[in-house]
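Report on one structure; see the data block that follows.
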Amino acid sequence: MPDEVHAALRRRAQAAGVSLSEYVLRELERVASRPPIEEVLARSASRRLDISMADIVETVRAERPER
Numbered sequence: 001m002p003d004e005v006h007a008a009l010r011r012r013a014q015a016a017g018v019s020l021s022e023y024v025l026r027e028l029e030r031v032a033s034r035p036p037i038e039e040v041l042a043r044s045a046s047r048r049l050d051i052s053m054a055d056i057v058e059t060v061r062a063e064r065p066e067r
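Counted the way the numbering used here counts, the sequence shown spans residues 1 to 67.
This is the structure:
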């Protein structure tokens, strides 16, 4: 691990009041708990609606209170 990365992680761990090992473990758990971007994009693509921007604008304008 590059020295500057090690030093940055050590500073962050110290600021969080935990050991470097605990800090790195928490960060790895956080990263591992998130789905990979490919999965997020695939789910997003499967949920797309067949609606035009014009339809969206029309609906928003219709739902706005009169000014």
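Glycine residues also receive a C-beta, built at the ideal position from the N, C-alpha and C atoms.
query: How about residue 20 and residue 30: do their beta carbons lie closer than 8 angstroms?
result: no
- prompt: How long is the line joining the alpha carbons of residue 25 and residue 49, rounded to whole angstroms?
  reply: 39 angstroms
query: Excluding five sequence neighbours on each side, which residues of the same chain lie with their C-beta closer than 7 angstroms to the C-beta of residue 16?
result: 23
- request: Look up residue 53 in the DSSP assignment and say whether it is helix, strand or coil.
  value: helix
- request: Over the uninterrupted alpha helix (DSSP H) stretch that includes residue 26, give me the two end residues.
  value: 20-33
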